[in-house]
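Here our numbering is used: the first residue of the sequence shown is 32, the next is one more, and so on.
Backbone N, C-alpha and C define an ideal beta-carbon position, used for all residues, glycine too.
The structure presented is a predicted model; accordingly, all values stated were derived computationally and were not measured.
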Amino acid sequence: MPDLFYTMQKSCFLDQKLQSYTESDCYPFHMPGHKRGNLELPNPYSIDITEIEGFDNLHHPEGILQDAQSRAAEAFGANETFYLINGSTSGILSAISAALPRKGTLLMSRNSHKSAYHAAYLMELETIYLLPMAAKFGISGSIPPVFVEQALNDFPQINGVFITSPTYDGIVSDIQAIADLVHARNLPLIVDEAHGAHFSFSDRFPRPALKCGADIVIQSLHKTLPCLTQTALLHVNSSRVDTGLLKRFLNIYQTSSPSYLLMASMEQCTRFMQEEGAERMEQFTELLDQFYKNAENLRRLKVFHRDSCSDETCFDHDFSKILISTGNTGLTGIQLYHMLLQNYHLQMEMSSGHYVTALTSLMDRPQGFQRLISALEETDRKTRPSEPVRPDRLLTAEMIYQIPKPGMSISAAIDQNSDILPLKASTGHTSQEYIYLYPPGIPLVAPGEILTGKLLSTISQCRKQGLSITGPTDMKNENIRVVKL
Ligand SMILES: Cc1ncc(COP(=O)(O)O)c(C=O)c1O
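Below, the structure is given as structure tokens:
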């Protein structure tokens with residue numbers, strides 16, 4: 032193992048550690064999508080300015096920034112596009128706040144990012160959840176349109192719908208069919224496409240939500256395209272949402288000092304995708320095709336394939352997200368994640384109990400894919416045959432994500448007086464905190480929900496497997512804040 036790798040582990044100053052990582056031979060199968068390859072931005076300090084003459088104001092755009100946003104709208108196929116410099120997080124907060132009335136009712140997929148829950152808190156919304164199907168591979172699948180239809184029939188008070196598609200794992204829902212159902216009631220559909228900004232540039236990927244009729248679509252540029260972290264876009268494609276209100280909320284949730292460095296990166300990314308996107312995406316999909324073909328020869332490690340999307344549990348899959356299952360080996364996902372890092376210097380995006388995720392983008396290089404397949408082949412050869420699959424290792428999405436009994440709304444719970452209880456002794460109490468599995472940051476429990484024995488045992492299983500649980504104020508996750516009786 033090169034010394035540099037050890038140096039990196041020992042560095043204690045962030046800037047120095049980042050420098051060592053950059054200089055190491057560690058390959059990034061993680062975000063951001065630029066894969067640490069510079070497009071052509073100059074020294075960051077040299078272009079880091081404030082709203083000086085001629086450079087417009089993102090909160091009141093009339094010049095170069097207004098033009099830049101129009102160019103983004105054209106490139107991504109929207110009526111109107113807003114630059115987000117506080118990530119998709121700020122776009123989701125703004126979209127939900129603008130599209131729903133205060134104290135209204137939001138129908139949302141349970142596997143939503145925490146920002147959707149935070150918007151529900153800030154707007155004092157009632158939340159009704161859509162639980163995704165359990166897909167093959169033990170991951171959360173699509174939200175079938177029939178679930179949306181059922182919820183809209185059962186809860187006529189719903190004011191808007193929020194769907195995450197693709198998920199962190201790349202699972203896509205049938206947005207076209209969902210949009211038709213939502214629009215039949217003249218309600219707005221917001222799609223969190225944070226992980227799908229690349230869909231607009233190649234038809235080898237799922238159809239972008241903007242083309243499927245969504246009213247608002249939020250995309251993180253930094254996740255899958257060559258753009259700096261925190262950059263994202265909010266697209267509007269209908270008159271069902273008041274853009275005046277949207278601008279008001281973007282003003283509230285975004286910093287008053289938008290970084291010109293980030294905005295320059297967005298402009299550059301948009302231009303790059305318009306000029307070279309089609310060709311680069313074609314080269315990228317060829318690399319992916321070759322990788323998936325090679326992966327078919329693995330004996331025990333298994334790679335999730337789009338063909339697994341043959342039923343309602345999985346409408347479509349973004350195959351740039353490579354999911355590698357350890358289900359048929361003696362390894363947990365976390366063990367494989369560490370082996371790939373320590374033995375092969377391949378940094379994965381995340382690991383779950385039984386799989387790891389490699390995020391790829393059009394900026395990935397052929398040798399990256401080659402290193403990944405070689406590492407998987409060697410690891411596959413080394414795993415012992417017919418290793419029994421221990422049930423406690425297969426902590427599937429279906430087991431992890433349930434919707435606990437709601438006691439009260441998120442905001443009603445957070446705004447009450449609290450008690451702090453040992454987590455173990457909290458059964459039957461109403462949680463005032465989130466408990467997330469991170470990544471992907473989807474709540475196992477949200478404020479206002481009743482803590483059940485089943486939920487507490489899932490949390491303890493996740494912890495035993497070394498999965499990261501976050502959310503409670505008590506960083507050790509031993510105590511939880513509950514609503515005072
Ligand atoms: C599904 C989903 N939506 C939204 C976000 C927030 O995106 P950002 O990091 O750009 O704020 C994330 C972040 O990981 C996410 O996974």
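Neighbourhood of histidine 460 by C-beta, 6 Å cutoff - its chain only, sequence neighbours within 5 removed: Locating residue 460 in the sequence shown gives position 429, counting from the first residue. So the qualifying residues of the chain are Leu482, Val513.
Continuous beta strand (DSSP E) stretch holding threonine 112: start and end: Position 81 of the sequence shown, counting from 1, holds the residue named residue 112. Where threonine 112 is concerned, the enclosing beta strand (DSSP E) stretches over 111-115.
Are the Cβ atoms of glycine 118 and cysteine 345 separated by less than 8 Å? For the purposes of this step, residue 118 is identified with residue 87 of the sequence shown, where counting begins at 1. For the purposes of this step, residue 345 is identified with residue 314 of the sequence shown, where counting begins at 1. Their beta carbons are not under 8 Å apart, which means glycine 118 does not touch cysteine 345 by this criterion.
Just to check, is the beta-carbon of arginine 251 closer than 7 Å to a non-hydrogen atom of ligand 1? The residue given as residue 251 occupies position 220 in the sequence shown. Correcting the residue type first, residue 251 is serine in the shown sequence and not arginine. Serine 251: yes, Cβ under 7 Å from ligand 1.
According to DSSP, residues forming a beta bridge with glutamine 250: Residue 250 sits at position 219 when you count from the first residue of the sequence shown. Its beta-bridge partners are Leu264.
Alpha carbon to alpha carbon, how far is arginine 235 from glutamate 313? As a working mapping, residue 235 is identified with position 204 in the sequence shown. As a working mapping, residue 313 is identified with position 282 in the sequence shown. Answer to the nearest angstrom: the Cα atoms are 9 Å apart.
CB contact flag (leucine 407, alanine 326, <8 Å): Position 376 of the sequence shown, counted from the first residue, corresponds to residue 407. Position 295 of the sequence shown, counted from the first residue, corresponds to residue 326. It is a contact, given that the beta carbons lie within the stated cut-off.
Whole-angstrom distance between tyrosine 52 and threonine 388, CA atom to CA atom: Mapped onto the sequence shown, residue 388 falls at position 357. Mapped onto the sequence shown, residue 52 falls at position 21. About 20 Å.
What are the residues that DSSP puts in a beta bridge with histidine 336? In the sequence shown, the residue the question calls residue 336 occupies position 305. Histidine 336 pairs with nothing; no bridge assigned.
Any chance the region 432-451 sits against the region 157-170, with 3 or more Cβ pairs inside 8 Å? Judged by Cβ distances under 8 Å, the region 432-451 makes contact with the region 157-170, as three or more pairs qualify.
Measure the CB-CB distance between tyrosine 76 and isoleucine 441 and report whether it falls below 8 Å. The sequence position of residue 76 within the sequence shown is 45, counting from 1. The sequence position of residue 441 within the sequence shown is 410, counting from 1. Using a Cβ distance threshold of 8 Å, tyrosine 76 and isoleucine 441 do not count as a contacting pair.
Where DSSP assigns a beta bridge to glycine 191, which residues make up the other side? Working through the sequence shown from its first residue, we reach residue 191 at position 160. DSSP, once it has assigned bridges, lists Leu137 as partnering glycine 191.
What did DSSP end up calling glutamate 518 once you bin it into helix, strand or coil? With the chain covering 32 to 516 only, the question about residue 518 has no answer from this structure.
Would you mind stating whether alanine 240 and serine 196 have Cβ atoms separated by less than 8 Å? If you number the sequence shown from 1, residue 240 lands on position 209. If you number the sequence shown from 1, residue 196 lands on position 165. It is a contact, given that the beta carbons lie within the stated cut-off.
Counting only runs of 4+ residues fully inside the region 155-241, write out the alpha helix (DSSP H) ranges in chain order. Correct list: 176-185, 206-215.
Among His253, Leu390, Tyr465, which residue has its Cα nearest to the Cα of threonine 301? Residue 301 sits at position 270 when you count from the first residue of the sequence shown. When each option's Cα is compared against that of threonine 301, the closest is His253.
Count the other CB atoms within 10 Å of the CB of glutamine 47; is the residue buried (16 or more) or exposed (fewer)? On the sequence shown, position 16 is the one that residue 47 refers to. Exposed is the call here.
With 16 other Cβ atoms within 10 Å as the buried cut-off, status of leucine 124: For the purposes of this step, residue 124 is taken as the residue at position 93 of the sequence shown. With 16 or more Cβ atoms within 10 Å of its Cβ, leucine 124 is classed as buried.
With which residues is glutamate 84 paired in a DSSP beta bridge? In the sequence shown, the residue the question calls residue 84 occupies position 53. Per DSSP, glutamate 84 has no beta-bridge partner at all.
Straight-line Cα distance separating arginine 415 from histidine 348: Counted from its first residue, the sequence shown places residue 348 at position 317. Counted from its first residue, the sequence shown places residue 415 at position 384. When rounded, the distance between both Cα atoms is 30 Å.
Look up phenylalanine 60 in the DSSP assignment and say whether it is helix, strand or coil. Counting from one through the sequence shown, the residue named residue 60 turns up at place 29. The three-state reading of DSSP puts phenylalanine 60 in strand, counting E and B together.
Across which residues does DSSP place methionine 439 in a beta bridge pair? For the purposes of this step, residue 439 is taken as residue 408 along the sequence shown, with counting starting at 1. According to DSSP, methionine 439 bridges with nothing at all.
If you draw a straight line from the alpha carbon of histidine 385 to that of histidine 65, how long is it in whole angstroms? Here residue 385 corresponds to residue number 354 of the sequence shown, with the count starting at 1. Here residue 65 corresponds to residue number 34 of the sequence shown, with the count starting at 1. Just so you know, the alpha carbons of histidine 385 and histidine 65 end up roughly 28 Å apart.
What is the rounded straight-line gap between the Cα of phenylalanine 315 and the Cα of proline 237? For the purposes of this step, residue 315 is taken as residue 284 along the sequence shown, with counting starting at 1. For the purposes of this step, residue 237 is taken as residue 206 along the sequence shown, with counting starting at 1. Straight-line measurement puts the Cα of proline 237 at about 15 Å from the Cα of phenylalanine 315.
Test item: CB-CB of lysine 324 and asparagine 359 under 8 Å: By one-based count along the sequence shown, residue 324 stands at place 293. By one-based count along the sequence shown, residue 359 stands at place 328. Result no, Cβ atoms of lysine 324 and asparagine 359 do not sit closer than 8 Å.
Are the region 389-405 and the region 244-264 in contact at 8 Å, needing three or more beta carbon pairs? The region 389-405, when compared against the region 244-264, does touch it at the 8 Å Cβ threshold.
Closest by CA to methionine 139, which one among Leu183, Ser457, Tyr114, Lys167? As a first step, residue 139 must be located in the sequence shown, where it is residue number 108. With distances taken between Cα atoms, methionine 139 lies closest to Leu183.
Can you tell me whether DSSP reads methionine 32 as helix, strand or coil? Start at 1 with the first residue of the sequence shown, and residue 32 comes out as number 1. Confidence at methionine 32 is low in this model, with a pLDDT of 47, below 50, so the placement of that residue should be treated as unreliable; the coordinate-derived value is given next. It is coil, neither helix nor strand.
What do you get for cysteine 43, buried or exposed, if any count of 16 or more other CB atoms within 10 angstroms of its CB means buried? For this step, residue 43 is matched to residue 12 along the sequence shown. Residue environment analysis places cysteine 43 among the exposed positions, since fewer than 16 neighbouring C-beta atoms fall within 10 angstroms of its C-beta.
Please determine whether the Cβ atom of threonine 391 lies at a distance below 7 Å from any heavy atom of ligand 1. On the sequence shown, position 360 is the one that residue 391 refers to. Checking every heavy atom of ligand 1 against the Cβ of threonine 391, none is found closer than 7 Å.
Pick out whichever of Phe230, Leu516, Tyr114, Leu454 has its Cα sitting closest to the Cα of glutamine 447. For the purposes of this step, residue 447 is identified with residue 416 of the sequence shown, where counting begins at 1. Answer by Cα proximity: Leu516.
Does the distance between the C-beta of isoleucine 123 and the nearest non-hydrogen atom of ligand 1 fall short of 7 Å? Here residue 123 refers to the residue found at position 92 of the sequence shown. Yes, the Cβ of isoleucine 123 comes within 7 Å of a heavy atom of ligand 1.
Use the C-beta contact count for phenylalanine 178: other C-beta atoms within 10 angstroms, 16 or more gives buried, fewer gives exposed. Residue mapping note: residue 178 aligns to position 147 of the sequence shown, counting from 1. Buried, by the Cβ-count rule.
With DSSP as the reference, identify every bridge partner of leucine 354, one or two as the case may be. Here residue 354 refers to the residue found at position 323 when the sequence shown is read from its first residue. Leucine 354 pairs with Thr388.
Let me know if histidine 91 comes out buried or exposed under the rule of 16 or more other beta-carbons within 10 Å of its beta-carbon. Within the sequence shown, the letter at position 60 stands for residue 91. Its Cβ having fewer than 16 others within 10 Å, histidine 91 is exposed.
Here's the rule: buried if 16 or more other CB atoms are within 10 angstroms of the residue's CB, otherwise exposed. What is isoleucine 283? Mapped onto the sequence shown, residue 283 falls at position 252. Per the 10 Å Cβ criterion, exposed.
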